[in-house]
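Numbering (full-length UniProt numbering), first residue to last: 1 to 456. The beta-carbon is built from N, C-alpha and C at its ideal position, and this holds for glycine as well. As the structure is a prediction and not an experimental result, all values here were calculated from the model. Here's the structure, in structure tokens; my notes come after.
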């Protein structure tokens, strides 16, 4: 009997999706790392009343009292679990969601696999949660047995988590061990608590939420926003439980306060011009004022850094020379120009010159691309294109609809120009709308010769 239940559960959990929540910080590479933090909040009175309205909702208002009594009404936990599932769908776009959960009728934790479509009514998600939970309770087996069966035949030491989000009723028993064993691989774990209430209190349930989250991935403000959006979702669907989950607005009051007012006067008549126009106008009016202050590397940690000051007039003259060079060599409006540089006055001049030429720029630094590949690109481009050297800043016109050929990357606008392909550089999306992106390589920049040297 136990083997039959295990077979059913494993069959339902085949080909599990790999959900990836948007994070505030990059995910650590390698083994799972966790710095656990806790956020506690209580649902507002208005949100609690919304839960009460949803509990009392009936799909068929014309059904008689006897039929209505046979309908299994959802609990507050079911409604919160359904809302949490909808949020995961909205955050990730996934339609196959796996959540760890608990049960009031069985001792073992449950693994719920829920399908969510943007056109599904919220009430359909609630009923789906109830149905999937019922099936999981009927076929309950130990969590360790499920993981062993799913990992059978896979590489040793490579164990993928079954879920990264979980929701538990904190009053359910025997979930502590399960939570401890899965906390390392879980991004978010929500605990629902309902404290005892007096008969003199409001009929609306007083519910507290405790969220355990990995602070290596999320900020406290992100968790607060999730709770706010959970409350907004419950309040919206309580007025229309049949609303499709993909159309419900999740904008919170705090988010609205940060958004610009779309009907406000943007003062188009007072427009001062493009950034390059404003810069040029200010530079001509005050050519001797300091524009860029650059600190030069010192010989030792105790030595004082030397500072070099560049005036507005000097930056204007240098950027104009480079802009004319780019235009003369074929740069057109909306081209993507690659700038290989570190933070310096040279980068300021390069960016301003690219904007003056009507193009857009993509800056890569010393850790973004292999130096040998840059050297080969420079050798091919410096003679025939808009490539330029500005005191160590390498500028090449790469965003001109490059296409991959057997010999490398070619440009229709520059048939004589061929950029060698190499595994260290990945020119994806190199078109006027998306600047090229490059593979990471911890290599320092090479020393280039200077076919074009501009003096500030």
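Measure the C-alpha to C-alpha separation of residue i and residue j and round it to an integer number of angstroms.
i, j, result
"residue 122", "residue 166", "20 Å"
"residue 94", "residue 21", "10 Å"
"residue 75", "residue 39", "23 Å"
"residue 129", "residue 115", "10 Å"
"residue 341", "residue 89", "40 Å"
"residue 83", "residue 125", "8 Å"
"residue 48", "residue 98", "26 Å"
"residue 46", "residue 33", "38 Å"
"residue 189", "residue 203", "27 Å"
"residue 334", "residue 252", "36 Å"
"residue 349", "residue 28", "36 Å"
"residue 141", "residue 2", "7 Å"
"residue 239", "residue 226", "21 Å"
"residue 41", "residue 187", "18 Å"
"residue 143", "residue 53", "35 Å"
"residue 237", "residue 10", "34 Å"
"residue 221", "residue 317", "45 Å"
"residue 217", "residue 36", "10 Å"
On the criterion of 16 or more Cβ atoms from any shown chain inside 10 Å, does residue i qualify as buried, or is it exposed?
i, result
"residue 229", "buried"
"residue 246", "exposed"
"residue 270", "exposed"
"residue 108", "buried"
"residue 315", "buried"
"residue 298", "exposed"
"residue 264", "exposed"
"residue 4", "exposed"
"residue 100", "buried"
"residue 223", "buried"
"residue 266", "exposed"
"residue 288", "exposed"
"residue 343", "exposed"
"residue 278", "exposed"
"residue 169", "buried"
"residue 272", "exposed"
"residue 214", "buried"
"residue 103", "buried"
"residue 300", "exposed"
"residue 356", "buried"
"residue 133", "buried"
"residue 275", "exposed"
"residue 416", "Because residue 416 sits at a pLDDT of 46, beneath the cut-off of 50, its placement in the model cannot be relied upon, and the point is left open."
"residue 303", "exposed"
Take residue i and list the residues in its own chain whose beta-carbon comes closer than 8 Å to its own, dropping the five residues that flank it on each side.
i, result
"residue 195", "206 and 208"
"residue 55", "73, 74, 75, 76 and 79"
"residue 262", "none"
"residue 44", "231"
"residue 92", "19, 20, 21 and 22"
Residues in the same chain with beta-carbon distance under 7 Å from residue i, minus the five sequence neighbours each way, listed in chain order, please.
i, result
"residue 296", "305, 306 and 308"
"residue 105", "137"
"residue 250", "90, 229, 232 and 233"
"residue 145", "6"
"residue 219", "24"
Per the DSSP calculation, residue i is bridged to which residue(s)?
i, result
"residue 468", "The displayed coordinates of the chain run from 1 to 456. Any statement about residue 468 would go beyond what the structure contains."
"residue 41", "209"
"residue 100", "111 and 166"
"residue 311", "290"
"residue 47", "DSSP lists no partner for residue 47."
"residue 191", "168 and 210"
Once you ignore the five residues that flank residue i on each side, which residues in its own chain have a CB closer than 6 Å to its CB?
i, result
"residue 292", "310, 345 and 348"
"residue 351", "361"
"residue 57", "241"
Practice item. Inspect the CB distances between the segment 9 to 25 and the segment 131 to 151 and report whether three or more fall short of 8 Å. Key: yes
Review point. If we count Cβ pairs, one from each stretch, closer than 8 Å, do we get three or more for the segment 248 to 263 versus the segment 274 to 287?
Key: No contact exists between the segment 248 to 263 and the segment 274 to 287.
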